[in-house]
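So my numbering is basically just the index in the sequence shown, starting at one, shifted up by 43.
Take a look at the structure set out below.
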Amino acid sequence: MLKRLAAFALSSALGLASALADAPLRSEVVVARDIVTIGDFYPDAGRFADAPLFRAPDLGTGGSVPADLVANRARDAGYKQATTDGLTQVYVRRDATRIDALRIEDEVRAELIRRNPYLETADIELSLSGFSGTRFADPAASEPVAIENLVWQAETGRLDVSILLSSGTTNETIRLRGKAIEYVEVYAPAERIDRGTVISKGDLTIMKLPRNRVTERMITDLEEAVGLAAKRGLRPAAPLQTADLQPPVLVGRGDKVTLIYKVPGMTLTAQGQAIAQGGKGDIVDIINLQSRRTVSATVVSRGRVVVDAGFRRIASLEEAR
């Protein structure tokens, strides 16, 4: 029994000694701070982990450190188990957030939309000058890139921006100039549309124009055009305007029509011939083929017009019968 206890004690002591002597050294170290500590090199440094050994490289850069120098400094700082673990060099790299022109554009676009909620990301064309290449920001910063100031003139698109780049111990202010053009969707003929053609959804396509080139007369809502007819031949890729459209012609010049005359208690009809063309709601002159008189009537549907008794030139249908 005593022999077994002695063997166990010896085994435990050897294991403890082995554990104390075992201090693995990392071959590569990545740090986010400006100081490299014992714990960065030795993962099992325990209470010595936060002891500083070296100043870290600049953001986004790295370099090699002799392993024996690391071990010596760690031992001098109190971590006596530090060894080279068979290494000759340890590579130390300072972590960083890469900031390039695309990242800057994304940040500016996001801030522009935050300040102008009616804008859509896809409708903004952004161009900036004053930043090139790649910079490195502190990854530990709450905002590696912060928009300090942004002035945008929506009418001209002019944009002035100040950006604060967090670079660890120092911050860098970058001033940018450029343009942010808002584009608006308008509709245009996909192909040539002949005069009189009734517009359907398939006849139109979307095109984008800078907002300062879009007028109130341009069609921005598809429903404003569908069902109307082209007043004239329309060219493809030319913005469609309200003046290009009219209600479909329901009564053509020279067409035979049905004249409808309503009086209290009865409705009278007669045959007529249109002197002019018109769409729904248009007032056109019609020759009453029975009385040979000209009356003014409102187009209500294809080939049908209603006589308004208030027009002076009306010829009574009752007299014509």
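The C-beta atom is built at its ideal place from N, Cα and C for all residues, glycine as well.
Please identify the residue among the options whose C-alpha is closest to the C-alpha of residue i.
i              : options                           : result
glycine 106    : Asp119, Val79 and Phe91           : Val79
isoleucine 303 : Gly297, Leu293, Gln314 and Val294 : Gln314
glycine 346    : Leu96, Asp325, Glu225 and Tyr161  : Asp325
glycine 245    : Arg254, Ala231 and Asn255         : Ala231
valine 135     : Thr104, Ala153 and Asp128         : Thr104
leucine 252    : Pro282, Glu234, Ser334 and Ala268 : Pro282
valine 188     : Thr213, Val300 and Glu168         : Thr213
aspartate 181  : Ser334, Ala286, Val300 and Asp77  : Asp77
glutamate 266  : Gly276, Ser243 and Ala88          : Ser243
asparagine 159 : Asp328, Gln196 and Thr177         : Gln196
glycine 221    : Glu234, Val151, Gly239 and Arg178 : Val151
valine 97      : Arg137, Leu202 and Thr341         : Looking at the sequence itself, residue 97 is phenylalanine, so the reference to valine does not match. The residue with the shortest Cα to Cα distance from phenylalanine 97 is Arg137.
alanine 165    : Tyr85, Asp298 and Leu155          : Leu155
serine 210     : Ser185, Leu193, Ala233 and Gly129 : Ser185
Start and end of the alpha helix (DSSP H) containing residue i?
i             : result
isoleucine 81 : 81 to 84
alanine 197   : Element bounds for alanine 197: n/a, residue is neither H nor E.
leucine 155   : 144 to 158
leucine 112   : 110 to 119
In terms of residue numbering, what span does the beta strand (DSSP E) encompassing residue i cover?
i              : result
leucine 207    : 201 to 210
serine 170     : 167 to 172
isoleucine 224 : 213 to 232
glycine 315    : 309 to 317
alanine 340    : 337 to 344
leucine 302    : 299 to 306
tyrosine 161   : Counting along the chain, tyrosine 161 falls outside any beta strand (DSSP E), and DSSP gives it neither H nor E.
alanine 180    : 177 to 180
tyrosine 134   : 132 to 137
leucine 96     : 95 to 98
proline 327    : Note that residue 327 is valine in the sequence shown here, rather than proline. That run of the beta strand (DSSP E) goes 326 to 331.
arginine 275   : No beta strand (DSSP E) holds arginine 275; DSSP gives it neither H nor E.
isoleucine 249 : 247 to 253
arginine 347   : 347 to 350
Give a yes or no on whether the C-beta atoms belonging to residue i and residue j are separated by under 7 Å.
i           : j              : result
proline 291 : valine 241     : yes
valine 133  : alanine 110    : yes
alanine 280 : valine 294     : no
leucine 277 : aspartate 287  : yes
valine 338  : asparagine 331 : yes
leucine 219 : leucine 171    : yes
With a threshold of 6 Å on Cβ separation, who are the neighbours of residue i within its own chain once the five nearest residues in sequence on each side are excluded?
i              : result
threonine 131  : Ala110
isoleucine 224 : Glu168, Gly200 and Pro253
proline 95     : Ile78 and Thr80
alanine 144    : Phe174
glycine 89     : none
threonine 140  : Ala180, Pro182 and Pro187
isoleucine 147 : Phe174
proline 100    : Gly106 and Arg137
Suppose the cutoff is 7 Å on Cβ atoms and the five residues either side in sequence are ignored; what does the same chain contact list for residue i look like?
i                : result
leucine 53       : Bear in mind that a pLDDT of 41 at leucine 53, under 50, signals an unreliable position, so the model cannot answer this.
aspartate 83     : Val72 and Val74
alanine 64       : Because alanine 64 sits at a pLDDT of 49, beneath the cut-off of 50, its placement in the model cannot be relied upon, and the following sentence gives the value as read from the coordinates. Answer for alanine 64: Gln124, listed in chain order.
phenylalanine 91 : Ile81, Ala120, Gly121 and Tyr122
valine 257       : Val227 and Val229
threonine 127    : Leu68, Ala110, Asp111 and Ala114
glutamine 289    : Leu271, Ala272, Lys274 and Gly322
glycine 239      : Ala272, Ala273 and Val292
aspartate 328    : Ile318, Ala319, Thr337 and Ser339
glutamate 198    : Asn255
Give every residue of the same chain whose Cβ lies closer than 8 Å to the Cβ of residue i, excluding the five residues on either side of it in the sequence, and list them in chain order.
i             : result
threonine 216 : Glu191, Ser205, Ile206, Leu207 and Leu208
arginine 235  : Gly276, Leu277, Arg278 and Pro279
arginine 296  : Ala317, Ile318, Ala319 and Gln320
serine 344    : Leu293 and Lys323
threonine 310 : Ile303 and Tyr304
Confirm the yes/no value for this check: CB of residue i, any heavy atom of the ligand HEM, distance under 6 Å.
i          : result
proline 86 : Although the ligand HEM was asked about, the structure shown includes no ligands whatsoever.
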